[in-house]
Amino acid sequence: MSEELLELNEVMKNRREKLAKLRQAGIEPFAYKYTRSLVASQITDDFETHEGKTVSLAGRLMSLRSMGKVTFCHIMDESGRMQLYIGKKQIGDEAYEAFKLFDIGDIVGAKGEVFKTHAGEITLLVSEITLLTKNLRPLPIVKEVERDGQKTLYDAFSDTEQRYRRRYVDLIVNQPVREVFVKRSRIITAMRDYLDAKGYLEVETPILQPIYGGAAARPFTTHHNALDLTLYMRIADELYLKRLIAGGFEGVYEIGKDFRNEGIDRTHNPEFTMMELYVAYEDYTFMMDLVEEMVCTIAKKVNGSLQLPYQGQTIDLTPPWRRLPLFEALEHHTGMDLYAKDDEQLAAAAKALHIPIEKGWSAGKILDEIFKEKVEPNLIQPTFICDYPVELSPLAKRHRQDSRLVERFEPFVVGREIGNSFTELNDPLDQRARFEAQRAAFEAGDEEAHQLDEDFLRALEIGMPPTAGLGMGIDRLVMLLTDSASIRDVIFFPTMRPEH
RNA sequence: GAGGGCGUAGCUCAGCUGGUAGAGCAGCGGCCUUUUAAGCCGUCGGUCGUGGGUUCGAUUCCCGCCGCCCUCACCA
6 MSEELLELNE
16 VMKNRREKLA
26 KLRQAGIEPF
36 AYKYTRSLVA
46 SQITDDFETH
56 EGKTVSLAGR
66 LMSLRSMGKV
76 TFCHIMDESG
86 RMQLYIGKKQ
96 IGDEAYEAFK
106 LFDIGDIVGA
116 KGEVFKTHAG
126 EITLLVSEIT
136 LLTKNLRPLP
146 IVKEVERDGQ
156 KTLYDAFSDT
166 EQRYRRRYVD
176 LIVNQPVREV
186 FVKRSRIITA
196 MRDYLDAKGY
206 LEVETPILQP
216 IYGGAAARPF
226 TTHHNALDLT
236 LYMRIADELY
246 LKRLIAGGFE
256 GVYEIGKDFR
266 NEGIDRTHNP
276 EFTMMELYVA
286 YEDYTFMMDL
296 VEEMVCTIAK
306 KVNGSLQLPY
316 QGQTIDLTPP
326 WRRLPLFEAL
336 EHHTGMDLYA
346 KDDEQLAAAA
356 KALHIPIEKG
366 WSAGKILDEI
376 FKEKVEPNLI
386 QPTFICDYPV
396 ELSPLAKRHR
406 QDSRLVERFE
416 PFVVGREIGN
426 SFTELNDPLD
436 QRARFEAQRA
446 AFEAGDEEAH
456 QLDEDFLRAL
466 EIGMPPTAGL
476 GMGIDRLVML
486 LTDSASIRDV
496 IFFPTMRPEH
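Residue 6 is where the first sequence starts when you use the numbering used here, and the numbers rise one by one after that.
Structure below.
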């Protein structure tokens, strides 16, 4: 403790001294409870009703302006801010002396009468101020001034590293950050409401899995001691949810974290939130309609509009969204017909388009690369790209009109994939063959190839009805609907290296 | 993993071609009973991310390391 004190800066030492002084004066600096009658916005939203009434509020001290015998300050609760007028005359000499030991960052309870100052600000004329929690570590002091309706921030807490590492501070001093996370919560609620209203059942499936599957990705590996067993953090929910469809549920969804052992950037975090939905007796065209309707329902609920600004662009979610077969999209953006071409022909095409590829890449991989370079960046307005090559989609059912393709689509917005969907492969023999092909790819060095899941095949052999499946990246959807540039801005605690 | 940028007081930032650091806010001490980036006077506060090197002398130049951001690669 004494060693720790040596490291404290003066401000922090000072606060601890005040803490001791308060205790000496018989004031407990960490209260047990405070009963408040209202929150700040209830008063500011309806001043007439509350004017002259005595109310009690609780919140964090965000500013202090002492004029001697009178101090003005603002407290902030979850709903907003309220100015307090604290006068020696009103609260008494002894209480005013104690109040001088309060700091910005303290959490207080305030009881008083609602009035408006000469300057016109709704204020609490405090008769009783109670310390609820003493702040021992100074907060960044952000000052906000409004001139001609324009808000200017002074000394904003803006260091991204500090903001992500100390999100609790970020949330206190940066109001827009709080709003993003409130909206995130509302988006997920709206999605759940939509799916529940359709009669689908929300379920939970294992996060720790002995065989990881459902996507092409490298997993996190862990170990169960009692079973002496290697387990993987799931990279997708897919194979378990489809077992549930085989088990007789006709519509199931899960919202939860997936984990992929990959790099971190603006659109990727190692743990991220995914919604997966499976509906029996439907196919991917059904799922396209559903995605359109669901995203629009959510957008209307949380933003009140189908038009939304994203990083300087305007996105219009109004259905119907463009539906574009992959090879048409490729032809449109490259001027080349790339359908049914072999590895060599595609390699030549890539070369002609100045897209670097590596030796030994499969046709699917080259197509994927050309797509990413030439098509994806152009998919600004919502677009369904559909009908992918079969080798890229080992869990999707072959296209009913073209066995080289699968019935699959991915919704794109602002040049970014926000989901993935297909008519699910329910032919266990074809599924086994696809797994075998994946095993071959893995043995050839593709670390992200799917693993063969014998039990999943067993479920398909029992019989899974025709089924439509969907995965949606919740974080990316939240980014879109909150105009956030980085996935870190929509995840409370993004993955970071430890500080020391 | 590669390339680029950044890291100075609690917060936001200055610090030119090397001479051991400044401002505003916050803090502390005053004055002040309707202020609102309150004001005025005074004052405290920094192993300049970290470890080496060059130099009489390094926040400044060089190298290693740590962390963050951006771009690329990998991926959703």
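Ideal Cβ placement from N, Cα and C applies to all residues, glycine included.
- Note: Met81 is bridge-paired with Arg65 and Arg86 in the DSSP secondary-structure output.
- Close CB contacts of Pro143 within its chain, under the 6 angstroms cut and outside five residues either way in sequence, are with Val16 (chain order).
- Uninterrupted beta strand (DSSP E) stretches at least 3 residues long and entirely within the stretch 321-382 occur at 327-330, given in chain order.
- Scanning Leu372, Lys58, Pro34 and Ala30 for the CA closest to the CA of Ser42 turns up Lys58.
- In this structure, Phe414 keeps its C-beta atom at 9 angstroms or more from the C-beta atom of Tyr237.
- Judged by DSSP in its simplified three-state form, His123 adopts coil rather than helix or strand.
- In the three-state scheme derived from DSSP, where H, G and I count as helix and E and B as strand, Asp407 is classed as strand.
- Here Tyr393 is buried: its Cβ has 16 or more other Cβ atoms, across all protein chains shown, within 10 Å.
- With a beta-carbon spacing of about 15 angstroms, Leu295 and Ala304 fall beyond the 8 angstroms limit used to define contacts.
- Inter-segment contact for the stretch 434-445 and the stretch 395-413 is present: three or more beta-carbon pairs are separated by less than 8 angstroms.
- Short of 7 angstroms from the beta carbon of Arg328, and not among the five residues preceding or following it, lie these beta carbons of its own chain, in chain order: Met293, Phe389 and Cys391.
- Taking all protein chains in view, the Cβ of Val150 is surrounded by fewer than 16 other Cβ atoms within 10 Å, so the residue is classified as exposed.
- By the neighbour-count criterion, in which 16 or more other beta carbons inside 10 Å mark a residue as buried, Asn274 falls on the buried side.
- Within the stretch 198-258, the complete beta strand (DSSP E) runs of at least 3 residues fall at 226-229 and 234-238.
- Between Gln88 and Thr135, the CB-CB gap reaches or exceeds 9 angstroms.
- If you check the CB distance, Ser61 and Tyr39 come in under 9 angstroms.
- Distance from the CA of Met67 to the CA of Ile112, rounded to the nearest whole angstrom, comes to 9 angstroms.
- Per DSSP, Arg481 is one residue of the alpha helix (DSSP H) stretching across Ile479 to Thr487.
- Scanning its chain for C-beta atoms nearer than 6 angstroms, with the 5 sequence neighbours on each side dropped, one finds around Val284 the residues Gly256 and Ala473, in chain order.
- Bridge partners of Ile134 according to DSSP: Ala115.
- In this structure, Met299 places its C-beta atom within 9 angstroms of the C-beta atom of Leu200.
- Counted as a single uninterrupted DSSP element, the beta strand (DSSP E) harbouring Ile390 occupies residues Thr388 to Pro394.
- The C-beta of Gln214 has 16 or more other C-beta atoms within 10 Å across all chains shown, which makes the residue buried.
- For Phe447, the CB contacts under 6 angstroms within the same chain, skipping 5 residues up- and downstream, are Ala454 in chain order.
- Excluding sequence positions up to five before and after Leu486, its CB lies within less than 8 angstroms of the CB of Lys188, Ile192, Ile303, Ala304, Val307, Asn308 and Leu313, all in the same chain and listed in chain order.
- In the structure shown, Pro416 falls within a strand segment according to DSSP collapsed to helix, strand and coil.
- Below 8 angstroms, too few C-beta pairs join the stretch 171-181 and the stretch 194-213 to call them touching: fewer than three.
- The three-state reading of DSSP puts Gln312 in strand, counting E and B together.
- Across the set Val380, Ser367, Met484 and Ser489, the C-alpha of Ser367 shows the shortest separation from the C-alpha of Ala449.
- Membership of Asn266 in any beta strand (DSSP E) is not indicated, and neither H nor E is assigned to it by DSSP.
- Take the alpha-carbon of Ser398 and the one of Asp321: they are about 29 angstroms apart.
- Under DSSP, Asn425 forms a beta bridge with Gly476.
- The beta carbons of Leu130 and Gln95 sit about 7 angstroms from each other, so the pair counts as a contact at 8 angstroms.
- For the 9 angstroms CB-CB criterion, Ala251 and Met484 do not form a contact.
- Beyond the five residues adjoining it in sequence on each side, Ile496 comes within less than 6 angstroms, by CB distance, of Asn274 in the same chain, given in chain order.
- With fewer than 16 other CB atoms across the displayed protein chains lying within 10 angstroms of its CB, His229 is exposed.
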